[in-house]
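In this text, residue positions in the sequence shown follow my numbering: the first is 471, and each later residue adds one.
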Amino acid sequence: MLDIKNLHVKLEDEDKQILKGVDLTVEAGKVHAIMGPNGSGKSTLSYVLSGREGYEVTDGSATLLGEDILELEPEERAAAGMFLAFQYPVEIPGVGNMTFLRSAVNAQRKARGEEEMSSSEFLKVIREKAKDLKIDQDMLKRPVNVGFSGGEKKRNEILQMAMLEPKLCILDETDSGLDVDAMKLVSDGVNALRSPDRGFLVITHYQRLLDHIVPDVVHIMSDGRIVKTGGPELAREVEANGYAEFKETA
Ligand SMILES: Nc1ncnc2c1ncn2[C@@H]1O[C@H](COP(=O)(O)OP(=O)(O)OP(=O)(O)O)[C@@H](O)[C@H]1O
Ligand SMILES: [Mg+2]
471 MLDIKNLHVK
481 LEDEDKQILK
491 GVDLTVEAGK
501 VHAIMGPNGS
511 GKSTLSYVLS
521 GREGYEVTDG
531 SATLLGEDIL
541 ELEPEERAAA
551 GMFLAFQYPV
561 EIPGVGNMTF
571 LRSAVNAQRK
581 ARGEEEMSSS
591 EFLKVIREKA
601 KDLKIDQDML
611 KRPVNVGFSG
621 GEKKRNEILQ
631 MAMLEPKLCI
641 LDETDSGLDV
651 DAMKLVSDGV
661 NALRSPDRGF
671 LVITHYQRLL
681 DHIVPDVVHI
691 MSDGRIVKTG
701 GPELAREVEA
711 NGYAEFKETA
């Protein structure tokens, strides 16, 4: 469903190449994990796919369900089914969490020519999903992420994902900062969304997340490229031996 070919990306206002030929295919129904040293370009890949400003694609392509997503505006990508759970979720003062989510859900439905969700239906669904993630009513009313703890922000990202029901879910280090119980909640939330028509790209540094969200495929990214692809055993290898071996091959 996601096809990335030879993707080269540089910073827009600096002569710095970050992605140097990424090839990656995520099939519907599959969970692909990306691991890799700090600064190897994992977040950059997620930003470029979701349409963040400041990056210039100098070569290669990326399609979602056959559609060239690099040509689309960020909101069009979202409507096409792309979702990114940020490594560092942003605070949006003045915008209530629930209001934000309801606008997002309905904007996407509208863009897809679907009927908007009624207030009562929306309330029912969000209350249920928030409960599963142990996000209390008070957090739904507060401004988006403002004053949320690190772990609360990460759980809130998963709530957004659960409400938007994207086709491709990218999780950028969603496990960082989570306590063991929250890690379980978040993993359960992700696993509940696994389905034959949905793909996942899970960026993480730690095998322990992949004990909960068992990946079908694991990729190692180093210096702007995917340098090795394998099964779940690859993540255990990294946990045991670090990245030295992969840095040499990069
Ligand atoms: N706006 C920017 N200005 C300068 N350098 C940047 C910018 N954005 C990214 N970079 C650089 O690009 C490289 C890749 O960064 P990126 O955040 O994608 O790494 P990462 O693999 O996600 O690392 P981590 O595991 O630490 O999250 C880094 O060297 C980073 O400093
Ligand atoms: Mg990162």
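Built from N, CA and C at the ideal position, the CB exists for glycine as well.
Within its chain, find whatever has a CB closer than 6 Å to the CB of Asn661; leave out the 5 residues flanking it on each side and keep chain order. none
What does the alpha-carbon distance come out to for the pair Glu543 and Tyr517? 13 Å
Alpha-carbon spacing of Ala548 relative to Ser520, whole angstroms: 8 Å
Between the alpha carbons of His675 and Asp693, how many angstroms are there, rounded? 16 Å
Is the Cβ-Cβ distance between Gly511 and Leu489 less than 9 Å? yes
In or out: Val697 buried (at least 16 other Cβ within 10 Å) or exposed? buried
Which residues does DSSP pair with Leu481 in a beta bridge? Tyr525
Using beta-carbon positions only, say whether Pro666 and Ala503 come within less than 9 Å of one another. no
Limits of the alpha helix (DSSP H) - the one that Ile596 falls within: 589 to 602
For a test of your reading of the model: does the CB of Asp493 fall under 8 Å from any non-hydrogen atom of ligand 1? Yes or no. no
Burial state of Ile724, where buried means 16 or more other Cβ atoms lie within 10 Å: Lying outside 471 to 720, the shown extent of the chain, residue 724 is not represented and no answer is given.
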